[in-house]
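Residue numbers for the sequence shown follow our numbering, beginning at 98 and rising by one.
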Amino acid sequence: MKSTRSSSGHRTWVIPAPLLAIIATFTCLGLFGDSALAGEIKDPPRFTKASDYSSAKDWNLKGENLVPWGHNPLYFPLKPGHKHIHERPDHPDGYYRKETVVLDKTEPFDLPGIGKFKAAVVQEEEYLDGVLTQRALNWFAIDKTTNSVYAFGEVSWEINEEGKPVFGGTWRAGELDGNGVAEPGLLMPETFNVGDRYLFDGSESEAYGGSENMEAGITITVPAGTFKDCVRVREQSLLDLKDITDKVYCPKGGLVYDTSDGKLVASNQIPGSDVSSIGKHLKEKQKYTPPVAKVSGDQATQIALKTIPGKATSVKIERKRGHNVYVVEIMTASEGEKDVFVDIETGEVVGTD
98 MKSTRSSSGH
108 RTWVIPAPLL
118 AIIATFTCLG
128 LFGDSALAGE
138 IKDPPRFTKA
148 SDYSSAKDWN
158 LKGENLVPWG
168 HNPLYFPLKP
178 GHKHIHERPD
188 HPDGYYRKET
198 VVLDKTEPFD
208 LPGIGKFKAA
218 VVQEEEYLDG
228 VLTQRALNWF
238 AIDKTTNSVY
248 AFGEVSWEIN
258 EEGKPVFGGT
268 WRAGELDGNG
278 VAEPGLLMPE
288 TFNVGDRYLF
298 DGSESEAYGG
308 SENMEAGITI
318 TVPAGTFKDC
328 VRVREQSLLD
338 LKDITDKVYC
348 PKGGLVYDTS
358 DGKLVASNQI
368 PGSDVSSIGK
378 HLKEKQKYTP
388 PVAKVSGDQA
398 TQIALKTIPG
408 KATSVKIERK
418 RGHNVYVVEI
428 MTASEGEKDV
438 FVDIETGEVV
448 GTD
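Here is the structure:
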């Protein structure tokens with residue numbers, strides 16, 4: 098194991114892949130608490146194309162069997178009023194919190210080869226340091242004959258610095274998408290078999306990725322409690338092969354740990370758990386003063402290209418890691434798309450992604 102020193106003066110440890118795999122597993126099980134390693138899956142992608150995973154053509158979906166409400170024992174209940182909270186204090190952009198609520202609404206679908214059915218509407222709101230940054234409505238349904246849980250799309254909004262929603266994107270099964278038609282995704286199968294693989298998002302242009310069942314028989318402790326007989330699922334984006342997330346699902350807890358979104362802190366699925374803070378802790382937007390850039394977009398692009406060589410494809414100003422930055426997207430020859438964050442006032446590179 099060797100180390101290098103970043104431009105900020107912090108020492109970065111370069112960990113051999115076999116040791117990193119062990120650390121990732123221990124982190125997933127909560128053995129490292131809220132360490133800096135939490136949330137980072139650095140393993141190389143195990144699979145790289147959609148054909149590596151099962152998809153809708155393999156699942157025998159029928160509209161008459163798909164219903165909005167139900168419960169797979171390893172997933173959270175799809176029933177109106179269900180609520181749960183995840184938090185990740187060590188998120189690089191601030192104290193992260195996600196609130197999930199199953200709304201008392203349904204979304205109608207009529208898909209070729211599947212038929213008509215209704216999906217549950219699941220709202221997710223994301224906060225950084227108490228400020229709402231994103232809202233999404235997801236469309237989920239459950240097969241009443243198997244209890245398998247499926248995703249049929251989402252619509253999302255980002256909340257800008259003035260507190261106003263800005264359309265973030267959408268995908269919907271059955272609609273034209275990329276080179277074809279968006280397909281459903283499988284979120285949790287009827288039976289958990291280690292080694293099974295399946296697409297969890299089916300939009301080639303917006304959200305496209307596959308899941309692999311990695312491990313069963315896990316015991317994990319999170320703020321919401323200790324859970325046994327849990328399973329670990331690895332989600333791998335097919336749009337960005339470095340975007341890898343591990344998730345731990347448990348009976349009586351649903352999704353209890355997510356390397357991206359953090360740990361379950363409360364769920365009304367758990368007796369005595371307090372979800373009363375959902376929707377109530379939001380900080381009011383402070384008076385917004387637009388950031389003044391002392392570095393131009395062209396200058397930021399040149400700075401970014403010196404850090405990561407390639408072709409710059411876009412430049413935009415965002416708030417990242419406590420700084421107003423240019424986010425310079427760069428297409429590299431060997432690593433695909435990378436982002437470089439350049440401070441708009443100092444021109445300093447404050448991070449990459």
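Note that beta-carbon positions come from the ideal geometry of N, C-alpha and C, so glycine has one too.
If I'm right that residue i touches residue j with Cβ under 8 Å, what's the distance once you round it to whole angstroms?
{"i": "isoleucine 427", "j": "leucine 402", "result": "7 Å"}
Do residue i and residue j have their CB atoms nearer than 7 Å?
{"i": "threonine 230", "j": "glutamate 223", "result": "yes"}
{"i": "valine 447", "j": "valine 437", "result": "no"}
{"i": "alanine 238", "j": "proline 320", "result": "no"}
{"i": "lysine 180", "j": "isoleucine 375", "result": "yes"}
{"i": "leucine 361", "j": "histidine 183", "result": "yes"}
{"i": "arginine 329", "j": "valine 345", "result": "yes"}
Pull up the distance between the alpha-carbon of residue i and that of residue j, whole angstroms please.
{"i": "threonine 145", "j": "leucine 338", "result": "7 Å"}
{"i": "tryptophan 268", "j": "aspartate 326", "result": "34 Å"}
{"i": "lysine 261", "j": "glutamate 415", "result": "15 Å"}
{"i": "glycine 307", "j": "lysine 391", "result": "42 Å"}
{"i": "glycine 299", "j": "aspartate 358", "result": "21 Å"}
{"i": "threonine 243", "j": "asparagine 169", "result": "9 Å"}
{"i": "glutamate 301", "j": "valine 199", "result": "26 Å"}
{"i": "isoleucine 138", "j": "glycine 444", "result": "29 Å"}
{"i": "threonine 398", "j": "lysine 408", "result": "10 Å"}
{"i": "leucine 163", "j": "lysine 215", "result": "7 Å"}
{"i": "arginine 232", "j": "tryptophan 254", "result": "5 Å"}
{"i": "aspartate 240", "j": "glycine 369", "result": "30 Å"}
{"i": "aspartate 274", "j": "serine 334", "result": "16 Å"}
{"i": "glycine 350", "j": "leucine 234", "result": "21 Å"}
{"i": "tryptophan 156", "j": "glutamate 280", "result": "12 Å"}
{"i": "aspartate 207", "j": "alanine 217", "result": "14 Å"}
{"i": "lysine 417", "j": "aspartate 355", "result": "21 Å"}
{"i": "asparagine 276", "j": "lysine 413", "result": "27 Å"}
{"i": "threonine 323", "j": "threonine 316", "result": "7 Å"}
{"i": "aspartate 450", "j": "glutamate 434", "result": "9 Å"}
{"i": "leucine 175", "j": "arginine 194", "result": "21 Å"}
{"i": "threonine 410", "j": "aspartate 371", "result": "45 Å"}
{"i": "glycine 266", "j": "alanine 147", "result": "22 Å"}
{"i": "glycine 167", "j": "asparagine 421", "result": "44 Å"}
{"i": "serine 393", "j": "tyrosine 423", "result": "9 Å"}
{"i": "aspartate 343", "j": "isoleucine 400", "result": "33 Å"}
{"i": "threonine 318", "j": "arginine 185", "result": "15 Å"}
{"i": "glutamine 396", "j": "glutamate 303", "result": "30 Å"}
{"i": "alanine 363", "j": "valine 278", "result": "37 Å"}
{"i": "glutamate 196", "j": "serine 373", "result": "11 Å"}
{"i": "proline 189", "j": "valine 439", "result": "15 Å"}
{"i": "arginine 102", "j": "alanine 430", "result": "For arginine 102, the predicted model reports a pLDDT of 31, less than 50, meaning its position is unreliable and no value from the coordinates is stated."}
{"i": "phenylalanine 173", "j": "glutamate 432", "result": "36 Å"}
{"i": "glutamate 365", "j": "glycine 178", "result": "According to the sequence provided, residue 365 is asparagine. The question's glutamate does not apply to it. Each residue's Cα considered, the two are about 9 Å apart."}
{"i": "isoleucine 202", "j": "valine 252", "result": "The question names isoleucine, but residue 202 is lysine in the sequence shown. Rounded to the nearest angstrom, the two C-alpha atoms are 15 Å apart."}
{"i": "lysine 377", "j": "aspartate 149", "result": "43 Å"}
Please list the terminal residues of the continuous alpha helix (DSSP H) segment that includes residue i.
{"i": "lysine 403", "result": "394-404"}
Here's a check: name, in chain order, each residue in its chain whose Cβ is nearer than 8 Å to the Cβ of residue i, leaving out the five neighbours to either side.
{"i": "glycine 212", "result": "Lys159, Gly160 and Glu161"}
{"i": "phenylalanine 297", "result": "Ala248, Gly282, Leu283, Leu284, Gly306, Gly307, Ser308 and Glu332"}
{"i": "serine 151", "result": "Leu283, Asp293, Arg294, Tyr295 and Leu296"}
{"i": "asparagine 290", "result": "Asn310"}
{"i": "valine 263", "result": "Trp254, Glu255, Ile256 and Asn257"}
{"i": "isoleucine 367", "result": "Ala321, Gly322, Lys349 and Gly350"}
{"i": "glycine 127", "result": "Because glycine 127 sits at a pLDDT of 39, beneath the cut-off of 50, its placement in the model cannot be relied upon, and the following sentence gives the value as read from the coordinates. Counting only Cβ-Cβ distances below 8 Å, and skipping sequence neighbours, we find Ile317, Thr318, Val319, Tyr354 and Lys360."}
Looking only at its own chain, which residues have a Cβ that is under 7 Å from the Cβ of residue i, when we skip the five neighbours before and after it?
{"i": "aspartate 226", "result": "Gly191 and Tyr192"}
{"i": "proline 348", "result": "Pro170, Leu171 and Asp326"}
{"i": "glutamate 287", "result": "Thr243, Asn244 and Ser245"}
{"i": "glycine 314", "result": "Asp326"}
{"i": "glutamate 312", "result": "Val291, Val328 and Arg329"}
Hey, could you find the ends of the beta strand (DSSP E) residue i is sitting in?
{"i": "glutamate 221", "result": "212-225"}
{"i": "isoleucine 138", "result": "Here isoleucine 138 belongs to no beta strand (DSSP E), and DSSP marks it neither H nor E."}
{"i": "glutamine 366", "result": "No beta strand (DSSP E) contains glutamine 366, which DSSP labels as neither H nor E."}
{"i": "valine 39", "result": "No answer is possible for residue 39: it lies beyond the span of the chain, which begins at 98 and ends at 450."}
{"i": "arginine 269", "result": "262-269"}
{"i": "isoleucine 427", "result": "420-429"}
{"i": "proline 177", "result": "No beta strand (DSSP E) holds proline 177; DSSP gives it neither H nor E."}
{"i": "serine 253", "result": "246-256"}
{"i": "serine 302", "result": "Segment: none, serine 302 is in no beta strand (DSSP E) and carries neither H nor E."}
{"i": "serine 441", "result": "This sequence places isoleucine at residue 441; serine is not what is there. Neither: isoleucine 441 is in no beta strand (DSSP E) and is coded neither H nor E."}
{"i": "valine 198", "result": "193-208"}
{"i": "isoleucine 239", "result": "228-240"}
Apart from the five residues just before and just after residue i, which ones in its own chain have a Cβ nearer than 6 Å to its Cβ?
{"i": "glycine 250", "result": "Trp236, Trp268, Arg269 and Ala270"}
{"i": "alanine 153", "result": "Glu280 and Pro281"}
{"i": "glutamate 204", "result": "Ala216, Val218 and Trp236"}
{"i": "proline 142", "result": "Gln333 and Leu338"}
{"i": "glutamate 272", "result": "Ala279"}
Consider the Cβ of residue i: report whether some Cβ of chain C lies at a distance smaller than 7 Å.
{"i": "valine 319", "result": "No chain C appears in this structure, which consists of one protein chain only."}
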